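Number 66 in our numbering belongs to position 71 of the sequence shown; there are no gaps in the numbering. Virtual Cβ for every residue (Gly too), placed ideally from N, Cα, C. Fair warning: this is a prediction, and the values are worked out from it, not measured in the lab. Structure first, then comments.
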Amino acid sequence: MKLIFNKENDNISIQLIKGTTTIDFTYVDMIKELLTDPKIEDSTFEGDISDEEKDRINEMLKKVQDSIVVDDIEE
-4 MKLIFNKEND
6 NISIQLIKGT
16 TTIDFTYVDM
26 IKELLTDPKI
36 EDSTFEGDIS
46 DEEKDRINEM
56 LKKVQDSIVV
66 DDIEE
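Right under this line is the structure:
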């Protein structure tokens, strides 16, 4: 899963890349994607997002990714 963060006029919008399709971000879609594949790829930042904001977003995404537990069931 890959996320695109775009900041314009102090508003940050988020889009999620699902396969080859870009959709508006929802937490439900994010959780579904993480349960399918718990890896979050490096995000894309557009607009006037500061380095500090990028660092905080990346830190938050790392915590989210680390909190996903995937059971490896062997048959």
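*State yes or no: is the beta carbon of E54 nearer than 8 Å to at least one beta carbon in chain C?*
Within the model displayed, chain C is absent; a lone protein chain is all it includes.
*Evaluate contact between the stretch 37 to 57 and the stretch 2 to 18, counting only Cβ atoms and requiring at least three cross-stretch pairs below 8 Å.*
yes
*Per DSSP, N6 is paired with what?*
E3
*Looking at the structure shown, is K34 part of a helix, part of a strand, or coil, going by DSSP?*
coil
*Roughly how many whole angstroms lie between the Cα atoms of I(-1) and V64?*
24 Å
*Should I35 and L56 be called a contact, given that it needs their Cβ atoms to be closer than 8 Å?*
yes
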